[in-house]
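Engineer: First, the structure itself, so that you have it in front of you.
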Amino acid sequence: MRFYLMILLFLSFGFAVNAAESITIEGRLLSEDNQPINGVEVHSANKTVLTDQQGQYSLKLPNADIYQMTFSKDGLYQSVQSFSHYELRANENNQATIADITLVDKKAKRVMFAFGGDVMMGRRYYQPKFGDAVLISDENRLSDSKAIVEHVKPYMSLADFAAVNLETQVSETLPGERAPKSVTFYSKPEILEALAWAGIDYVTLGNNHTYDYMDSGLKSTLEHLNNSKLDFSGAGLNESEALTAHHTKINDNDFAMLGYVGWEGRITPKQTASEDQGGAAFGSLTNIVNSVSREVSNDKVTFVQYHGSQEYSTGPTGVTEQRLKSAIDSGASLAVAHHPHVTQGLELYNGKLIAYSMGNFVFDQYFTSTPHSFILYVWMDGDSFHRAEIVPLYLKGYMPTPATGMHRFNSMKRLVTLSNERGTHIGVSGGHGVITAENKVVESPNTEFTLNFANNTRVQSLSHLPWANNINKVDLPESTLSYRLGVNLINGSDFESFNTFTSNERGFVLDREHSKLNNYGASGQKSMALTLAKDKPSIFGMQSFRRVYKASSPMTIKANLKASTSVKVNFYWQGRSTKQSTNDALANGKKNLIKSITLNANKQWQAVEVDFNSPRVGYKSYRILAEFVLADGSTGQVDLDDFALIEWQSAFSSASKPQLLNIGRKQASFIGLNHPTDKTIIIKN
């Protein structure tokens, strides 16, 4: 409750950057039956305190962009959680409170697992696009590869057994003959040592890139894996090998790990193994049922990892859902899936957990629909599901990092929404999500949040509200007012996490030589400064096209701007047509003017809100660009903050209860009004 009240104060009065040099973080540690735990070590930044008899702690720390906290006590599984300074929102006494955190008991035969999504370290890690810095150099391959996963090492290392989907072949050089397909991957062998260093124990090879360079690439991959510390299954030199499970014994439990790809492929040779050809294990319904039944009959606690469904979709295909549920019906204790490159919901099916898509874990996709994903912790008591915890991730510059601030909200809101659609409820533990075997709906206290729309604005972010709750009521102060709900399609648009975790954002068009990150902002502590020169416009916007969007939707570009001299701002949308390549569209795609405005010199932030409609037909993706042109003088500076592209998910309505009929509305991160008001809007959860 203290956490929500803190947000209420923020939304009511605004957030002023605290000039103090330290912050006091407070919270409470609870057992799974909601009892306080005393004597827990709470550690961060070389400082440690113990929880008291009420499970409470108070930790005074020097100000930092990120606070990573570790919670430890004998007999309990350790927990790690990370928070940004901005999202903690210290009060006037430099105190911040985080939500209660639950710790899990260690018990005989209980095992903690950690799962991540798709992994590769090739392609743009060595040869980045858009002039970005190289992440892995040939001279420092191992250290650079470890640096990619250094921020998830504290999380994956906690588990008794950690697994990811290795969606690449492994070879020192280009493996050999390339399969006749549009996209192929290979990664240098250091990827395996880096994953093991980060706490990964096992990789599944049951995916559509295991046979990218056919036999030569597969043999190289298997050879390197056999010489590494990683265990694996899901592929082999023939069908029998590919369908063979990996066996491991943990805390007196015998586990079997099976991996599959969901389709054989349209090319010849197929990507799946046969009697006389290597490849990935084909996850046909028959193969899944037979191989799972075999392992269960041999008294193995059997886990299934499956690679299928459609890319960038919100839910599994019917084929995927049936196969995963059939695996559970055949005795599998857990099913984890991937391939869509975005997250999908989780479901408790007959008491067993299914994760329909983990999204990316280590991947180099640069368009804005793919960076939000998660680590899935699962505690098993023998073959019985006990508990799951969701650690939200944000792939920042192709590097997995703990999601904080607006990234946490976006990651968790999507998972909560999609899981609720399947009757599975996600509770709160600090900044993480929790699913219990009882699948209890945790009733949150009724909370109110006040929104004030200043400076003639009509649009405001909702990402400071609790991600676990839907909006239940909107109280409007005027009869002429109506509202709509929407989502932001630009990642990191508040700049608060722009340079955290040793990795800069790679999602913006930005002149690096003539820009810098400010230590002040319109809504927080960070903003972007663009240095302008006469006769040389400065461009800022989305680096790549929005891969997934809804055609003919009402949109709003929102930004806070501050100019040292008079500046003309031109807003454009640029599309990639249905048959156009990405590179051609970036270089030659027409820039369609949405609106031009003039900023006068002003020391105060000026709010800009520009409405338009997304492309109706003929485009598979589009992006937004802002062009800044000096109107006066030879040099100048524009400060930029809160650059959002809002896709409205509902029509304007004056109904007090939002019509949350589709998934998009339930993920709302923005609210928009039909006209400005100086009165207060009240939102109730």
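According to mature numbering (1 follows the signal peptide of the UniProt record, and there is no 0), the sequence shown holds residues -19 to -1, 1 to 666 in order.
From the three backbone atoms N, C-alpha and C, an ideal C-beta is built for every residue, glycine too.
1. Roughly how far, in whole angstroms, is the beta-carbon of Ala369 from the beta-carbon of Ile416, given that I think they are within contact range, below 8 Å?
2. DSSP puts Val23 in a beta bridge; with which residues?
3. Applying the criterion that 16 or more other CB atoms from any shown protein chain within 10 Å of the CB defines a buried residue, is Arg(-18) buried or exposed?
4. Throw me the rounded Cβ distance for the Ala177 and Val130 pair, which I believe falls under 8 Å.
5. If I'm right that Thr382 touches His66 with Cβ under 8 Å, what's the distance once you round it to whole angstroms?
6. Drop a sphere of 10 angstroms on the beta-carbon of Thr249, count the other beta-carbons inside from all chains shown, and report buried for 16 or more, exposed for fewer.
7. Could you check how far apart the C-beta atoms of Phe241 and Gly264 are, in whole angstroms? I think they sit under 8 Å.
8. Are the Cβ atoms of Gln337 and Leu329 separated by less than 9 Å?
9. Between the beta-carbon of Ser53 and the beta-carbon of Glu22, is there less than 9 Å?
10. Less than 8 Å between the CB atoms is what I'm expecting for Ser508 and Phe482, so what's the real figure, rounded?
11. Is it true that the CB of Asn75 sits closer than 9 Å to the CB of Thr5?
12. Could you give the C-beta distance for Leu186 and Ala216, rounded to a whole number, given that I count them as a contact under 8 Å?
13. Where Gly570 and Ser650 are concerned, what is the direct C-alpha to C-alpha distance, given to the nearest angstrom?
14. Which residue's Cα is closest to the Cα of residue 670: Ala160, Glu153, Gln37?
15. Quick one: what's got a C-beta closer than 6 Å to His227's C-beta in the same chain, skipping five residues either side?
16. Measuring alpha carbon to alpha carbon, tell me which of Glu148, Asp565, Ser478, Tyr58 ends up nearest Ser12.
17. For the beta strand (DSSP E) containing Lys41, list its first residue and its last residue.
18. I'd like to know whether the C-beta atoms of Gly246 and Arg304 end up nearer to each other than 9 Å.
19. By the DSSP assignment, the alpha helix (DSSP H) with Gln303 in it spans what residues?
20. Less than 9 Å between the beta carbons of Ile538 and Thr349, yes or no?
21. Apart from the five residues just before and just after Gly56, which ones in its own chain have a Cβ nearer than 8 Å to its Cβ?
22. At which residues does the beta strand (DSSP E) containing Ile575 begin and terminate?
23. When the Cα of Ala588 is compared with those of Gln441, Tyr530, Tyr464, which residue comes out closest?
24. If you drop the 5 nearest sequence neighbours on each side, which residues of the same chain put their C-beta closer than 8 Å to that of Thr559?
25. Are His319 and Gln286 close, meaning C-beta to C-beta below 9 Å?
26. Quick one: Cα of Asp659 to Cα of Asp456, how far?
27. Note down the Cα distance separating Ala582 from Ile520, rounded to an integer number of angstroms.
28. Specify, as a first and last residue, the run of the alpha helix (DSSP H) that Phe390 falls within.
29. Cβ atoms of Ala179 and Lys127: under 9 Å apart, would you say?
30. Can the beta-carbon of Asp235 be found less than 9 Å from the beta-carbon of Asp280?
31. Taking Cβ to Cβ, would you say Ser547 is nearer than 9 Å to Leu580?
32. Helix, strand or coil for Arg646 per DSSP?
33. Kindly confirm or deny that the segment 347 to 362 and the segment 525 to 537 touch, where touching means at least three C-beta pairs closer than 8 Å.
34. Going by DSSP, what residue range makes up the beta strand (DSSP E) through Val422?
35. Leaving out the 5 sequence neighbours to the left and right, which residues in its chain are closer than 6 Å to Val409 when beta-carbon positions are compared?
36. One question on the structure: do Leu621 and Ala540 come within less than 9 Å of each other, judged by their Cβ atoms?
Structural biologist: The answer reads as follows:
1. As a first step, residue 369 is located in the sequence shown; it is residue number 388 there, counting from the start. As a first step, residue 416 is located in the sequence shown; it is residue number 435 there, counting from the start. That belief holds up - the Cβ atoms of Ala369 and Ile416 are roughly 4 Å apart, short of 8 Å.
2. What you label residue 23 is simply residue 42 of the sequence shown in a count that begins at 1. DSSP output for Val23 lists Val30, Phe52 as bridge partner(s).
3. Locating residue -18 in the sequence shown gives position 2, where the first residue counts as 1. Only weak support exists for where Arg(-18) lies, its pLDDT of 35 falling under 50; the value from the coordinates is given anyway. Classification of Arg(-18): exposed, given that the 10 Å Cβ count is below 16.
4. On the sequence shown, residue 177 is found 196 positions in, with the first residue counted as 1. On the sequence shown, residue 130 is found 149 positions in, with the first residue counted as 1. With 8 Å as the limit, Ala177 and Val130 do not qualify as a contact, their Cβ atoms being about 10 Å apart.
5. In the sequence shown, the residue the question calls residue 382 occupies position 401. In the sequence shown, the residue the question calls residue 66 occupies position 85. The Cβ separation is near 15 Å, so there is no contact.
6. Taking the sequence shown and counting its residues from 1, the one referred to as residue 249 is at position 268. Flag for Thr249 reads exposed.
7. The sequence position of residue 241 within the sequence shown is 260, counting from 1. The sequence position of residue 264 within the sequence shown is 283, counting from 1. In the sequence on display, residue 241 carries Tyr and not Phe. Their Cβ separation, rounded to whole angstroms, is 3 Å, which keeps Tyr241 and Gly264 in contact under 8 Å.
8. Position 356 of the sequence shown, counted from the first residue, corresponds to residue 337. Position 348 of the sequence shown, counted from the first residue, corresponds to residue 329. Note that residue 337 is Tyr in the sequence shown here, rather than Gln. No. Outside cutoff.
9. Your numbering for residue 53 matches position 72 in the sequence shown. Your numbering for residue 22 matches position 41 in the sequence shown. Cβ atoms of Ser53 and Glu22: closer than 9 Å.
10. The residue labelled residue 508 in the question sits at position 527 within the sequence shown. The residue labelled residue 482 in the question sits at position 501 within the sequence shown. Actually they do not touch by this definition, with Cβ atoms about 19 Å apart.
11. As a position in the sequence shown, residue 5 is number 24, starting the count at 1. As a position in the sequence shown, residue 75 is number 94, starting the count at 1. Contact flag set, yes.
12. Position 205 of the sequence shown, counted from the start, is the residue given in the question as residue 186. Position 235 of the sequence shown, counted from the start, is the residue given in the question as residue 216. With a beta-carbon spacing of about 4 Å, Leu186 and Ala216 fall inside the 8 Å limit used to define contacts.
13. In the sequence shown, residue 570 corresponds to position 589, counting from 1. In the sequence shown, residue 650 corresponds to position 669, counting from 1. Rounded to the nearest angstrom, the two C-alpha atoms are 30 Å apart.
14. Missing from the structure shown is residue 670; the chain here goes from -19 to 666 and no further.
15. Walking along the sequence shown from the start, residue 227 turns up at place 246. Taken in chain order, the residues that qualify are Asp212, Ser214, Met238.
16. Here residue 12 corresponds to residue number 31 of the sequence shown, with the count starting at 1. Per the Cα distances, Tyr58.
17. Residue numbering aside, residue 41 sits at position 60 when the sequence shown is read from its first letter. Taken as a continuous stretch (DSSP letters only), the beta strand (DSSP E) holding Lys41 covers 37 to 43.
18. Along the sequence shown, read from residue 1 onward, the residue named residue 246 stands at position 265. Along the sequence shown, read from residue 1 onward, the residue named residue 304 stands at position 323. Taking C-beta atoms as the reference points, Gly246 and Arg304 fail to come closer than 9 Å.
19. Along the sequence shown, one-based indexing puts residue 303 at 322. Start and end: 299 to 310.
20. Sequence index remark: in the sequence shown, residue 538 carries index 557 (1-based). Sequence index remark: in the sequence shown, residue 349 carries index 368 (1-based). No, the pair does not count as a contact, with Cβ atoms beyond the cut-off.
21. Looking up residue 56 in the sequence shown gives position 75. For Gly56, the CB contacts under 8 Å within the same chain, skipping 5 residues up- and downstream, are Asp86, Lys87 in chain order.
22. Here the question's residue 575 lines up with position 594 in the sequence shown. Looking at the DSSP string, the run of the beta strand (DSSP E) that includes Ile575 is 572 to 580.
23. Here residue 588 is taken as the residue at index 607 of the sequence shown, counted from 1. Closest option to Ala588, Cα to Cα, is Gln441.
24. Taking the first residue of the sequence shown as position 1, residue 559 is located at position 578. Hits under 8 Å: Gly599, Tyr600, Lys601.
25. Taking the first residue of the sequence shown as 1, we reach residue 319 at position 338. Taking the first residue of the sequence shown as 1, we reach residue 286 at position 305. In contact: His319 and Gln286 (Cβ atoms closer than 9 Å).
26. Position 678 of the sequence shown, counted from the first residue, corresponds to residue 659. Position 475 of the sequence shown, counted from the first residue, corresponds to residue 456. Near 14 Å, if we compare the C-alpha coordinates of Asp456 and Asp659.
27. Here residue 582 is taken as the residue at index 601 of the sequence shown, counted from 1. Here residue 520 is taken as the residue at index 539 of the sequence shown, counted from 1. Straight-line Cα distance between these residues: approximately 19 Å.
28. Position 409 of the sequence shown holds residue 390. Element bounds for Phe390: 386 to 401.
29. Translated into the one-based positions of the sequence shown, residue 127 becomes position 146. Translated into the one-based positions of the sequence shown, residue 179 becomes position 198. Yes, these two residues count as a Cβ contact at 9 Å.
30. Stepping through the sequence shown from its first residue, residue 235 is reached at position 254. Stepping through the sequence shown from its first residue, residue 280 is reached at position 299. For Asp235 and Asp280, yes; Cβs fall inside 9 Å.
31. One-based indexing of the sequence shown puts residue 547 at position 566. One-based indexing of the sequence shown puts residue 580 at position 599. Yes, the pair counts as a contact, with Cβ atoms nearer than the cut-off.
32. Along the sequence shown, one-based indexing puts residue 646 at 665. Arg646 falls in the helix class under three-state DSSP.
33. yes
34. Working through the sequence shown from its first residue, we reach residue 422 at position 441. Taken as a continuous stretch (DSSP letters only), Val422 belongs to no beta strand (DSSP E), as it is neither H nor E.
35. As a position in the sequence shown, residue 409 is number 428, starting the count at 1. Once the five neighbours on either side are set aside, the close Cβ partners of Val409 are Ala80, Ala449.
36. For this step, residue 621 is matched to residue 640 along the sequence shown. For this step, residue 540 is matched to residue 559 along the sequence shown. Result yes, Cβ atoms of Leu621 and Ala540 sit closer than 9 Å.
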